[in-house]
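Asks: In the working numbering, the protein residues as written are 39 to 167. Glycine included, every Cβ here is placed at the ideal spot set by N, Cα and C.
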């Protein structure tokens, strides 16, 4: 996997997709929420790269495969912790946290694993983990 830089579009998208796949399934409403939110968050990313020419859907699909693989890793919890710690900007982290809440509540059921991921992100970004 390519090295993901802190506060980059890739780092943001990875965290958003971790929220989508936290319950081991991707609901269409959650993916639609990611599609709607990501372009707004990219203006805060520490990257001069915008959404690539291949488009938002291809970018999401490429990262979705990576996130699914990450969740199957032996040290899944460590990989998730690393992904969350790639969001380092005090301006970006609350926006990503709000996006995570929005994604988790996009379907009818906020799963415990989504809640746990959001709580873990909040603890890390508030300096409590």
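1. From the beta carbon of residue 117, is the nearest beta carbon of chain D less than 9 Å away?
2. Quick check on residue 68: buried or exposed, where buried means 16 or more other Cβ atoms within 10 Å of its Cβ?
3. Look at the alpha carbon of residue 95 and the alpha carbon of residue 73, and state the distance between them as a whole number of angstroms.
4. Please say whether residue 53 and residue 134 have beta carbons closer to each other than 9 Å?
5. Anyone know if the C-beta pair for residue 125 and residue 163 falls short of 9 Å?
Replies: Considering the structure as presented:
1. Judged by its chain identifiers, the structure shown contains no chain D, having just a single protein chain.
2. For this step, residue 68 is matched to residue 30 along the chain shown. Buried, because 16 or more other Cβ atoms sit within 10 Å of the Cβ of residue 68.
3. Reading the chain shown from its first residue, position 57 is the one you call residue 95. Reading the chain shown from its first residue, position 35 is the one you call residue 73. Each residue's Cα considered, the two are about 8 Å apart.
4. What you label residue 134 is simply residue 96 of the chain shown in a count that begins at 1. What you label residue 53 is simply residue 15 of the chain shown in a count that begins at 1. Result yes, Cβ atoms of residue 134 and residue 53 sit closer than 9 Å.
5. By 1-based counting over the chain shown, the position of residue 125 is 87. By 1-based counting over the chain shown, the position of residue 163 is 125. Cβ distance < 9 Å, so residue 125 and residue 163 count as in contact.
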